[in-house]
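Just so we're aligned, residue 502 is where the sequence shown starts under this note's numbering, counting upward by one.
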Amino acid sequence: MRIVMKFGGTSVGSAERIAEAAKLAVASAEQGHQVVVVTSAMSGVTNTLIDTAHEAAAGRWNQTVGRQLLDRHSAAAAVLTGATGPRHGAAIDAIARRVDRFEKLCFGLSMVHELTPRLLDAISGTGEMLAAPLVSVAIDARGVRSQAIDASDIIVTTDQFGAAEPLMEETRAKAAALLSPMLAAGEIPVLTGFIGATADGVLTTLGRGGSDYSAAIIGAAIDADEVWIWTDVNGVMTANPNEVPAARTLSEISYSEASELAYYGAKVLHYKTILPAYRQRIPVRILNSFNPADRGTRVTVDGHPSATGVKAVTSIRGVSLIAVSGTGMQGIPGIVAKAFDVVAEEQANVLMISQASSENNMCFVLSSSDAVRVVKALHEALESELRRGHVEEIAAQPVAVVAAIGDHMRGTPGIAATVFGALGAAAINVIAISQGSSERNISLVVEEKDAGLAVRALHDAFHLERPA
Ligand code: ADP
Ligand code: ASP
Ligand code: MG
């Protein structure tokens, strides 16, 4: 089999974890599989890079960060290689070069005081470029040849910095040229997750948490038989285990369930990961690098239909509900269209939409980081409606979205009743509701403070702690 294995930040968070990741990759290679590794940055590094970039652009460049990155990665390299040999020297060189590049970029920022999305990508992708040489030397130390490769040499993307999309044809050609000979020779290439480059070679990133997406893109590009996501929990669970201690691992879910879960806040998978795998029907597994004996979750075409129909409950925080309201909105055509034109122009991603049948109010949910901008633009676009009194108010409110998800909710009566019964019993006020026409989810807007309670109430009401 040809397997793409992605290791997340905690799975490569220390020299010990990297050695463990290398062991897992090598074990599969020794079973006769062709293995490509995709690595995240060591835990915490991407956040540090992004914070440092923002601070530098504000004139407060913390010059100790470069040294800390150098120390942390060099120390890991020393542990992994025994601090001797040509591979140790090469890894130290690679790390030093990348830290140097990061410092030069921060220096530039502290001079020009302007952080463009393009510069932020150039900086935030550094973490993966520091981690890949470490994972590669760790594999080499176990006796299997390995090379670290910057994914910017393989994944060709659009120039949407911070949320770049792969150009699959170009990516496929580069992957074949670079990776196929290595795989044929029994080597394990170690690619940086999270990053790509435009056709002109400008570095891009796929979005926060995007290394999962990188793995699926590479899997599709090399026609992998499976994509394995190694993380720090036993697979995709019935809820975030930090939010619901009774959450249980789902042994099998469908591609559509995995997409919905990821889209509605299950951070264990980046929300774009499933599509490239689904298009080629590549099975995806989510596994625990801290507990590799556990079978984790398998993502397949059918998933396991479960008795109640609801398989998992998720939550998204850091979002805002934008409400456009006014008694005069009734029957005035085009207000909704205008509102969504604004959202599109502002490049804000809408997570959920709901409109009261009286048409007195329409509301939608988007990231709080977009809310102020969108509200301002809505005031401008609906200026004449506001003046005439057709629209009375355009307001944003910080909220959370809670969703109940499962393919077989469709055709299972009583799910909505259970949802509202459970929230009512917990005295949680539901601000807005939406059910996708696919009937794979019911999503609810609640106050942010109620989100945890709402997730637990739904998890209990559908008895998700019990095996289906
Ligand atoms: P990685 O660094 O391996 O990419 P992430 O932190 O991005 O890991 O994702 C794994 C985390 O996702 C888990 O530790 C858990 O806290 C969180 N999580 C949220 N929802 C779920 C869920 N439904 N199932 C499993 N984990 C979840
Ligand atoms: N390191 C990147 C991030 O923290 C990508 C990833 O871990 O998936 O967002
Ligand atoms: Mg992740």
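The beta-carbon is built from N, C-alpha and C at its ideal position, and this holds for glycine as well.
Based on the DSSP secondary-structure assignment, which residues constitute the bridge partners of Gly697?
Thr705
Report the rounded CA-to-CA distance for Ile783 versus Glu894, giving the unit in angstroms.
48 Å
Identify the continuous beta strand (DSSP E) that holds Pro856 and give its terminal residues.
At residue 856 the sequence reads Gln, which differs from the Pro that was named. Where Gln856 is concerned, the enclosing beta strand (DSSP E) stretches over Val851 to Gln856.
beta-carbon Lys839 near ligand 1 non-hydrogen atom, thresh 8 Å:
no
Which same chain residues end up closer than 6 Å to Pro777 when comparing Cβ atoms and leaving out the 5 residues on each side of it in sequence?
These residues qualify, in order along the chain: Ala717, Ile718 and Ala721.
Tell whether a beta-carbon distance below 9 Å holds between Ser637 and Ala592.
yes
Since Leu550 and Gly609 are thought to touch, with beta carbons under 8 Å apart, how far apart are those beta carbons, to the nearest angstrom?
Not a contact, Cβ separation roughly 15 Å.
Specify, as a first and last residue, the run of the alpha helix (DSSP H) that Gly609 falls within.
Gly586 to Val613
Is Val538 helix, strand or coil by DSSP?
strand
Less than 8 Å between the CB of Ser712 and some heavy atom of ligand 3, yes or no?
yes
Segments of 3+ residues assigned as beta strand (DSSP E) that fall wholly inside the segment 709 to 734
727 to 732
Is it right to say Val769 is buried, meaning 16 or more other beta carbons lie within 10 angstroms of its own, or is it exposed?
Burial call: buried.
DSSP state of Met683, grouped into three classes?
DSSP places Met683 in helix when its eight states are reduced to three.
With distances taken from CA atoms, which of Gly797, Leu788, Leu887 and Leu879 is nearest Gly827?
Leu887
Could you check whether the segment 728 to 739 touches the segment 861 to 875, counting it as contact only if at least three pairs of C-beta atoms, one from each stretch, sit closer than 8 Å?
Flag = no, the segment 728 to 739 and the segment 861 to 875 do not touch.
Compute the distance between the beta-carbons of Gly545 and Gly509, then report whether it is under 9 Å.
For Gly545 and Gly509, no; Cβs fall outside 9 Å.
Which residue comes first and which comes last in the alpha helix (DSSP H) that contains Gln569?
Secondary structure note for Gln569: its alpha helix (DSSP H) is the uninterrupted segment Thr565 to Thr582.
Top-ranked residue by Cα proximity to Gly644, from His771, Gly687 and His964:
Out of His771, Gly687 and His964, Gly687 has the C-alpha closest to the C-alpha of Gly644.
By DSSP's criteria, Lys675 is part of a beta bridge. Which residues make up the other side?
Note: Lys675 sits in no beta bridge, so no partner.
Can you tell me whether Gly628 sits near ligand 2, meaning its C-beta is under 8 Å from at least one heavy atom of the ligand?
yes
Counting along the chain, where does the alpha helix (DSSP H) carrying Arg874 start and finish?
Annotation: the continuous alpha helix (DSSP H) that includes Arg874 extends over Ser869 to Ala882.
Beta-bridge partners of Phe865, as assigned by DSSP
Ile823 and Ile854
Using the DSSP secondary-structure output, state which residues sit across from Ala788 in a beta bridge.
Here residue 788 is Leu; the residue named in the question, Ala, does not match the sequence. DSSP lists Trp731 as partners of Leu788.
Per DSSP, which one or two residues make a beta bridge with Glu894?
Ser826
Return yes when at least one heavy atom of ligand 5 lies under 8 Å from the C-beta of His960, else no.
Questions concerning ligand 5 fall outside what the structure shown contains, since the ligands it does hold are ligand 1, ligand 2 and ligand 3.
So Arg820 and Val900 are in contact, right, with Cβ under 8 Å, and what is the actual spacing, rounded?
According to the sequence displayed, residue 820 carries Val and not Arg. With 8 Å as the limit, Val820 and Val900 qualify as a contact, their Cβ atoms being about 6 Å apart.
Tell me, to the nearest whole angstrom, how far the beta carbon of Lys507 is from that of Gly626; I am working on the premise that it is less than 8 Å.
So it is not a contact: roughly 16 Å between Cβ atoms.
Within 9 Å, strictly: CB atoms of Arg503 and Asp724
yes
Taking 8 Å as the cut-off, is the CB of Thr732 close to at least one heavy atom of ligand 3?
Answer for Thr732: yes, Cβ within range of ligand 3.
State buried or exposed for Thr815, treating a residue as buried only when at least 16 other CB atoms are found within 10 Å of its CB.
buried
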